[in-house]
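Colleague:
Protein chains in written order, with the working numbering: chain V, 326 to 742; chain S, 71 to 217.
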C-alpha cells in the first residue's frame, strides 16, 4: 500500500544515476527516481509501516522491529523531488540522514563562514555512527512541506572520511544494508540534533569544518544544524503522534500505522486521555522499577526492544552469546513487569507526572528465528536505565512534544501517552 | 559509608594528559596529547586511584588505577562517545568484534566476556558507559567502583 512504485521513465533515470554515483557502495535500490510533481494537499497523516525493510541485491535487509516511512525530498523551492521509502522513523535522534548512494537530487554541500564544507557526525551507544556533509532540501510528508531543511548526506565518496572523534573506535553504519533502512528520519524531542552545545566555543564532536587539510570540530549556529523537519512545517509543527496497532505474542510479519503531525492542532491529533511527562535537556526521564529510580531513561522508536537493567536485577536470563538473540533476554516463559515513568509537568506547574507502564518479556530466540519481524515482547540488558523501544509503541498512541513548542499538553520537550 | 577522599591535585593544562588505555600503565595518561583543554583531578580512594579528566565540551572521563599503576577501569559521560580506540586500547577490538556478532537496532552495547566488561548506553547529547577488566580489579575492590 505504501511502497510507492515509480514510472518506467523514472526508473531509467535511477539506473543511470546509480551507475554514476554509487560505485562501491553496493546499496543500489529500485523504487525511487526524480519527479516533478507538486506536493499533495496537506493532510497531516503520514503512513508508517513495519516490515522486512528495504531490498539490496534481491535481499531484504531490514532489522526486526524497525518502523519505516516514505520521505520526499526536493531541491529547495522547486518541484524537482525524489521519494525514498523505508526511511527509519527514529524518535531517538534528530534530523534526516540519507545514504549518498540514494540521493539523486543535485544540491550543494553547505559551507561555513570560511567557505569550507560542514561535516556532521551522529554516534549511537552501540558505537555505530554516521558521518557526512549537510545539504538543504525541502522535506515533504503528508503534504506538509518543511523548506530548506539541513539534512545529512551519509558518507559520499567525494567527502572527507570520518574524523577519529566521530568514529571514536566504533563501526560505521552508513550503507543501506548496514542501516537496515534507506535513511533515518530523526523526529525526537529536539529541534536540532546538537542544539546550543554546538554553538559554544567548546562544542562536542558533532559538527566539523572540513577544509582540504582535514576536518576539525566546529561551532555551528542553530539554523545551520540538522533539524527535526516537523518543527519546520508551517503548521502542525509542535510535535507528532505515532499510532501503531498491537500484535499477538507470536509477533507479526508486518504492521501498518500512522504518524500524525501536530498535537491538538487538528481534529485528528488531540491528546484525548494521554498524560504528558517532560524530559530533561538530554531527552531523559526517570523510570522507577521495583522501587528503584533509574534516571537516564528514554523512549525510542529506533530501538528494537525494551532494553533495561540486567539479568541479576530483572531475573531474566541473557540469551546465549553465540545465538542469534545475543543481547536479548531469553526467559523460559514470558515474564510480566511494571514500571513508573516520571518527569516534570510540561505545563510547568511543578508537580511531576508519573505514568505506570506494564510490559512483558518473552524468549527472544524463537521469536527472532520465526518469520515475524514485529514483536511487543522482546528486550535485553541496558546499563542502569530503560530504553523504551518499539514494543512500547505497539498498541499505543505516543506523542512527541518538540522542545520550545507550545501545545495543549504544555511546552516540549515531553512525551505523552 | 564512603571511602575517604583525598583530593591530591587539580591540574589545568593546555595540552594535557587525557586518556590512558585500559590495561595499560597510568603513565600513558601523561603521554597522551590528543585531548586539548582538558582538566585532570586525581582522587585517592581505598585500594585504587581515580583520574578524572573533564573536557570543556562536557565530557567527563574517569580512569581507575591500581596501586601498581595499571588502569583497571574507565568510565565516561558526555554529549558524545569518547574515542574508545584510545580509551580501551587493544580491548576495543575485542569489544567491537563481540558487538558485530549481534543483529538488532539498539541504543546500548553490553559486552560481558570472561575478563573484559564494557557497557555503553545513552544517545546523542547524553552518553555514558564504563569498561573494566575483571582480572585487574585490585583486592577488595568490586566492579561497582567503576562508575
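Note that the Cβ used here is the ideal one computed from N, Cα and C, for glycine as well.
Excluding the 5 residues flanking residue 352 of chain V on each side, which residues of the same chain have their C-beta closer than 8 Å to its C-beta?
Modeller: A caution first: residue 352 of chain V carries a pLDDT of 34, below 50, which makes its placement in the model too unreliable to give a value.
Colleague: Taking Cβ positions, are residue 558 of chain V and residue 738 of chain V nearer each other than 9 Å?
Modeller: Contact flag unset, no.
Colleague: Does residue 106 of chain S pass the burial test, meaning 16 or more other C-beta atoms within 10 Å, or should it be called exposed?
Modeller: Reliability of the predicted coordinates at residue 106 of chain S is poor, the pLDDT of 46 falling under 50, and the value obtained from them is presented with this limitation in mind. Label assigned to residue 106 of chain S: exposed.
Colleague: Pick out whichever of S:111, S:206, S:213, S:178 has its Cα sitting closest to the Cα of residue 193 of chain S.
Modeller: Residue S:178 is the option with its Cα nearest to residue 193 of chain S.
Colleague: Using a Cβ-Cβ cut-off of less than 8 Å, give me the residues of the segment 543–574 of chain V that come near chain S, in sequence order.
Modeller: Per Cβ criterion, the list is empty.
Colleague: Judging by CA-CA distance, which residue of V:545, V:439, V:635, V:396 is the nearest neighbour of residue 520 of chain V?
Modeller: For the residues V:545, V:439, V:635, V:396, the minimum Cα distance to residue 520 of chain V belongs to V:545.
Colleague: Straight-line CA distance for residue 476 of chain V to residue 517 of chain V?
Modeller: In a straight line, the C-alpha of residue 476 of chain V is about 11 Å away from that of residue 517 of chain V.
Colleague: Rounded to a whole number of angstroms, what is the C-alpha to C-alpha distance between residue 430 of chain V and residue 529 of chain V?
Modeller: Each residue's alpha carbon lies about 30 Å from the other.
Colleague: Do you know whose CA, among V:452, V:585, V:686, lies nearest residue 574 of chain V's CA?
Modeller: Ranking V:452, V:585, V:686 by Cα distance to residue 574 of chain V puts V:686 first.
Colleague: Counting beta carbon pairs with one atom in the segment 660–677 of chain V and one in the segment 532–551 of chain V, are three or more of them shorter than 8 Å?
Modeller: Verdict: no, contact absent.
Colleague: Among V:563, V:682, V:561, which has the Cα closest to the Cα of residue 614 of chain V?
Modeller: Here the closest residue by C-alpha is V:682.
Colleague: On the DSSP bridge list, what partners appear for residue 404 of chain V?
Modeller: Answer is none; residue 404 of chain V lacks a bridge partner.
Colleague: Restricting to runs no shorter than 3 residues, where is the beta strand (DSSP E) found entirely within the segment 467–500 of chain V?
Modeller: Here the runs fully enclosed are 469–479.
Colleague: Residues in the same chain with beta-carbon distance under 7 Å from residue 693 of chain V, minus the five sequence neighbours each way, listed in chain order, please.
Modeller: Once the five neighbours on either side are set aside, the close Cβ partners of residue 693 of chain V are 389, 649, 650.
Colleague: Assuming contact is defined by CB atoms lying nearer than 9 Å, are residue 690 of chain V and residue 701 of chain V in contact in what I supplied?
Modeller: Not closer than 9 Å, so no.
Colleague: Would you identify the three-state DSSP class for residue 216 of chain S, choosing helix, strand or coil?
Modeller: It is coil, neither helix nor strand.
Colleague: In chain order, what residues of the same chain have a beta carbon less than 6 Å from the beta carbon of residue 468 of chain V, not counting five sequence neighbours either side?
Modeller: Once the five neighbours on either side are set aside, the close Cβ partners of residue 468 of chain V are 364, 365, 366, 367, 368.
Colleague: Taking Cβ-Cβ distances shorter than 8 Å, what residues in chain S pair up with residue 447 of chain V?
Modeller: 194, listed in chain order.
Colleague: Closest Cβ-Cβ distance between residue 666 of chain V and chain S: below 9 Å?
Modeller: No, because no Cβ of chain S sits closer than 9 Å to the Cβ of residue 666 of chain V.
Colleague: Give the range of the alpha helix (DSSP H) segment to which residue 419 of chain V is assigned.
Modeller: That residue, residue 419 of chain V, is in no alpha helix (DSSP H); its beta strand (DSSP E) goes 419–424.
Colleague: Can you have a look at residue 348 of chain V and say buried or exposed, based on whether 16 or more other CB atoms are within 10 angstroms of its CB?
Modeller: For residue 348 of chain V, the predicted model reports a pLDDT of 33, less than 50, meaning its position is unreliable; a value from the coordinates is still stated below. Flag for residue 348 of chain V reads exposed.
Colleague: Please return the same chain residues whose Cβ sits closer than 6 Å to the Cβ of residue 659 of chain V, not counting the five positions on each side in sequence.
Modeller: Excluding sequence neighbours, residue 659 of chain V sits near 685, 687.
Colleague: Can you have a look at residue 547 of chain V and say buried or exposed, based on whether 16 or more other CB atoms are within 10 angstroms of its CB?
Modeller: Looking at its Cβ environment, which holds fewer than 16 other Cβ atoms inside 10 Å, residue 547 of chain V is exposed.
Colleague: Whole angstroms is fine: what's the gap from residue 566 of chain V's alpha carbon to residue 113 of chain S's?
Modeller: So the alpha carbons of these two residues sit roughly 47 Å apart.
Colleague: What residues of chain S sit near residue 758 of chain V, judged by a beta carbon separation below 8 Å?
Modeller: This structure cannot speak to residue 758 of chain V, because chain V is shown only from 326 to 742.
Colleague: Where residue 129 of chain S and residue 587 of chain V are concerned, what is the direct C-alpha to C-alpha distance, given to the nearest angstrom?
Modeller: Whole-angstrom Cα-Cα distance: 35 Å.
Colleague: For a quick check, are the C-beta atoms of residue 397 of chain V and residue 372 of chain V less than 9 Å apart?
Modeller: Taking 9 Å as the Cβ cut-off, residue 397 of chain V and residue 372 of chain V do not qualify as a contacting pair.
Colleague: Return the CA-CA distance between residue 120 of chain S and residue 474 of chain V, expressed in angstroms with no decimal places.
Modeller: So the alpha carbons of these two residues sit roughly 45 Å apart.
Colleague: How far does the alpha helix (DSSP H) with residue 170 of chain S in it extend, from its first residue to its last?
Modeller: Per DSSP, residue 170 of chain S belongs to the alpha helix (DSSP H) from 161–170.
Colleague: Figure out for me which residue from S:110, S:196, S:217 has the closest Cα to the Cα of residue 610 of chain V.
Modeller: Of S:110, S:196, S:217, the residue nearest in Cα terms is S:196.
Colleague: With 16 as the cutoff for other CB atoms within 10 Å, does residue 495 of chain V come out buried or exposed?
Modeller: That one is buried.
Colleague: If I follow the unbroken beta strand (DSSP E) through residue 690 of chain V, where does it start and stop?
Modeller: Unbroken run through residue 690 of chain V is the alpha helix (DSSP H), 689–694; no beta strand (DSSP E).
Colleague: Exposed or buried, what is residue 153 of chain S when buried is set at 16 or more other beta-carbons lying within 10 Å of its beta-carbon?
Modeller: Residue 153 of chain S should be labelled buried.
Colleague: For residue 377 of chain V, which residues of its own chain have a beta-carbon under 7 Å away from its beta-carbon, when the five flanking residues on both sides are left out?
Modeller: Same-chain partners within the cutoff: 385, 387, 698.
Colleague: Fully enclosed by the segment 602–683 of chain V, which beta strand (DSSP E) runs are 3 residues long or longer?
Modeller: 610–614, 617–624, 631–633, 660–668, all fully within the segment 602–683 of chain V.
Colleague: On the DSSP letters alone, give me the boundaries of the beta strand (DSSP E) that residue 741 of chain V sits inside.
Modeller: Note, residue 741 of chain V: beta strand (DSSP E), 739–741.
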